[in-house]
Structures are given as structure tokens and as C-alpha cells.
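These notes concern the structure reproduced below.
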Ligand code: OAD
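In my numbering, the protein residues as written are 0 to 244.
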């Protein structure tokens, strides 16, 4: 496999999806037997679903917490952390994954687009999202700060649900990285089906500034035709070779 064309000026922007964690034993979303085949999205991943049955939603995310805490990063996560070590500020990783495995593999210049399953936040008050590894299988967590003010607010998972916007600060960091890179941008989308926006349109933004784009995915992705280079395979096998590790 020809290693990536990384020159002195090259800036690498990476977008990862569920496929990167598949080799760690974490279920993807759209495959047969995937999470969205077993659950109705609107029931477990929307505010409407949460209002209707918060316990069902907390049970769903508690099960996912359990899975993530039992999982370990794989060769794909480690390869990305190593590439970052080599490139420093010329590297930015953005992930749709909520499993925290990139951070556990050592990635630091990393933005979580869809939140983190091991974090919780309040529905009402302005307290910062906090690390929370508790499983709420048969109970609902209440906000201690709201309790002090005489309200009784249920906490929610720190996940971007369908119908909700992505964090504006995160999006502006990605925009800034792309504009600064211009035609020196090398964009890699890895392990993502290209079905959820705005992440799936990052390739278009990258190409508009003159960047080079690669897709590394096991199966055909919805937006595959937008990429200049498509490599079919498992990220844990492809990335170490592609990065010349
Ligand atoms: P999907 O489950 O939609 O797609 C995962 C992709 O990874 C598929 O195209 C697989 O072919 C590929 N894949 C599987 N194993 C792989 C491996 N070992 N190496 C490389 N590729 C592999 O997951 P995402 O595209 O990440 O959002 O889904 C995007 C968003 O949709 C998720 O973040 C989630 C979901 O609804 C929220 O929950 C907000």
C-alpha cells in the first residue's frame, strides 16, 4: 500500500465513525444486527423519546456505557494517536464516536462531534457535562444542583440526539483548521457510512479548499463517490500500513 502523501506543509484532518471501534467489539449503527436495527432511533436518541420514556433511554445508554468500559482501543485508534504524535498541530481528529476510545489510545487533538457516552449533563441548569460511569438501569439520575434550587430535574446523557445541533465551538474549530490548511489539507474519513450530516459533508468542504480526500471503510459508504481515493478494508489493518508505521 502506498503511504499517505504527507509533506512538510500537509495538515491532516480525520473524521472517524463507528467502524473504527468495530474491531474493539463495539457495535456499529447501520449494519445487520447494528444498534439501529435493534432500537428505534427516535425512541432512544431523541428528546421526544427521552420525554416519553427516560428510563428506556437511560437503560440504552447504560448498556452502551457498560460495553465501552469493557472495551479496549484497537490498532486503528493507536495508529491515529501515533500520527498525531508525528504531526503535532498539523493534525486534528474529529469523531462521531461517543465511546472515548480515541482519548484512551492517546489522541489529544480530538473533538467529539456527537458527545460522549460516559458523560452526563443536566437538562436545565448550566452545570458543565461531567464524567459519569454509573449505570442507570432501573433508576433515573437527578441533578443535585437543581435539587438545591427546589427543582427536581432528571439528568440526560451527554449525546447529540437526532434533531439537535452540534456544538458551535467544535464546528468552528474544524472550519478554522480547514481554512488554515487550504490546499495543503489531507482529509481522511474512516469507518463511517457517510449517512449523517454535517459530518458526511466534510469531504465536500475539504475538496472545496483544494484538499485531497481519502475514504477508508470496510463497505461501500453513501458518499464514497465524493472521495478521490477509496480504500476498502478494516481500519485496524489499513491505518498502520497507510501511515507507514
Ligand atoms: P455506521 O454504523 O453508519 O457506519 C459504520 C461504517 O463502518 C460502515 O460503513 C462499515 O462498513 C464500516 N466498518 C465496519 N467495520 C469497520 C472496520 N473494522 N474498519 C473500517 N470500517 C468499518 O456508523 P457511523 O457512520 O459512525 O449518531 O454513524 C454516524 C452516526 O450515525 C453515529 O455517530 C450515530 C449514528 O446515528 C448519533 O448517535 C448522534
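Here a beta-carbon is modelled for each residue, glycine too, at the ideal position from N, C-alpha and C. Computed from a prediction, not measured in an experiment: that's the story for all the values here.
- Closest by C-alpha distance to residue 236, out of 216, 134 and 107, is 216.
- If you check the C-beta of residue 115 against the ligand OAD, you find no heavy atom less than 6 Å away.
- Within the stretch 26 to 101, the alpha helix (DSSP H) runs of at least 4 residues that lie entirely inside it are, in chain order, 34 to 37, 40 to 43, 46 to 51, 53 to 69 and 74 to 86.
- With distances taken between CA atoms, residue 242 lies nearest to 76 out of 30, 62, 28 and 76.
- Residue 169 carries a helical assignment under DSSP once its states are collapsed to helix, strand and coil.
- Within a 10 Å sphere around the beta-carbon of residue 185 sit 16 or more other beta-carbons, which makes this residue buried.
- The alpha-carbon separation between residue 118 and residue 156 amounts to approximately 6 Å.
- DSSP links residue 156 through a beta bridge to 119.
- Three or more beta-carbon pairs drawn from the stretch 20 to 28 and the stretch 61 to 76 are found closer than 8 Å, and the two stretches are therefore classed as touching.
- A straight-line Cα-Cα distance of about 53 Å links residue 7 and residue 138.
- The ligand OAD has no heavy atom closer than 6 Å to the beta-carbon of residue 78.
- Looking at the backbone, the Cα of residue 53 and that of residue 176 are separated by about 38 Å.
- Residue 92 counts as buried, since at least 16 other C-beta atoms from the protein chains shown sit within 10 angstroms of its C-beta.
- Comparing alpha carbon positions, the residue from 222, 29, 136 and 182 closest to residue 206 is 182.
- For residue 10, the uninterrupted beta strand (DSSP E) segment begins and ends at 10 to 15.
- The beta carbons of residue 78 and residue 238 sit closer together than 7 Å.
- Take residue 123, set aside five residues on each side of it, and the residues of its chain with a beta-carbon closer than 8 Å to its own are 142, 145, 150 and 152, in chain order.
- Nearest to residue 35 by C-alpha distance, out of 66, 59 and 98, is 59.
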